[in-house]
Amino acid sequence: MSFEERLAALVGRLGVAPRDLDDGHARWAVYAEAVGRAEEWPAVLDLIEDEPDLPVAAAVVVRALDVLPEAQRADFVAALPEGRSREFAATRARELVILDRVAAGDGPEFDVRRWTNWLQLRAATTINVEQTLEALSSSGATRRIRSAAAQRLRVVRGAGS
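Note that the numbering used here numbers the sequence shown so that position 131 is 131, with each residue one more than the last.
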């Protein structure tokens, strides 16, 4: 099947309104819906490999990384052609591994000062590990990160009382 036929089949399975699938924004909306459904991940991966608009493909991969299990992230990263988009996605996949491990409390000690601002902010707003939140509240790269970590730390400590 052609790219267009596979994309139309995905649209049909999703039950979304027909769109002008020649438009990257319309394809993005279809992919975004499909990424939220685990049973459609293989179809999304197959389509991303042939997606004609690299920024759309890269955005879909980065969005998918947030919901995919760690074991499947590398396949989505590899679907992008060599270059900056793939490097960015690979970095994000590595950051998500760190985030997953820190959130689970079973990761090694990490120096939060070496994390990207994205990873620091994501950790500061999503994890419940006091030690990491303390480090981010004192050593986060930006005032926003430090404030978010301090606020989350208060919530986590309040929940533990």
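Using N, Cα and C, we set each Cβ at its ideal position, and we do this for glycine too.
* CA-to-CA distance, residue 87 to residue 120, given in whole angstroms -> If you draw a straight line from the Cα of residue 120 to the Cα of residue 87, it is about 19 Å long.
* To do: Work out the CA separation of residue 149 and residue 125 for me, nearest whole Å.
  => Spanning the two alpha carbons is a distance of roughly 7 Å.
* To do: Output the boundary residues of the alpha helix (DSSP H) element that contains residue 14.
  => Element bounds for residue 14: 3-14.
* Report the three-state DSSP secondary structure of residue 88 (helix, strand or coil). => Taken through DSSP and simplified to helix, strand or coil, residue 88 comes out as helix.
* Asked: CB-CB under 8 Å to residue 110, same chain, minus the five flanking residues each way: which ones, in chain order?
  -> Short of 8 Å from the beta carbon of residue 110, and not among the five residues preceding or following it, lie these beta carbons of its own chain, in chain order: 98, 102, 132.
* **C-beta contact flag for residue 45 and residue 66 at 8 Å** => Against a cut-off of 8 Å, the Cβ pair of residue 66 and residue 45 comes out as no contact.
* For residue 41, three-class secondary structure by DSSP -> Note: residue 41 maps to helix in three-state DSSP.
* To do: Could you spell out the range, first to last residue, of the alpha helix (DSSP H) harbouring residue 19?
  => Per DSSP, residue 19 belongs to no alpha helix (DSSP H) and is neither H nor E.
* Look at residue 113 and residue 137 and say whether their C-beta atoms are less than 8 Å apart. => Cβ atoms of residue 113 and residue 137: not closer than 8 Å.
* Asked: Taking buried to mean at least 16 other C-beta atoms within 10 Å of its own C-beta, is residue 38 buried or exposed?
  -> Residue environment: residue 38 is assigned as exposed (fewer than 16 neighbouring CB atoms within 10 Å of its CB, all protein chains considered).
* Asked: Between the beta-carbon of residue 19 and the beta-carbon of residue 35, is there less than 8 Å?
  -> No, these two residues do not count as a Cβ contact at 8 Å.
* **Where residue 116 falls: helix, strand or coil (DSSP)** => Residue 116: coil per DSSP, three-state reduction.
* **Nearest-angstrom Cα separation, counted from residue 122 out to residue 57** => Cα to Cα, residue 57 sits roughly 23 Å from residue 122.
* Starting from the Cα of residue 152, find the closest Cα among 80, 32, 130, 53 and give me that residue. => If we check each option's Cα against that of residue 152, 130 comes out closest.
* What first and last residue would you give for the alpha helix (DSSP H) that runs through residue 132? -> 130-139 is the extent of the alpha helix (DSSP H) around residue 132.
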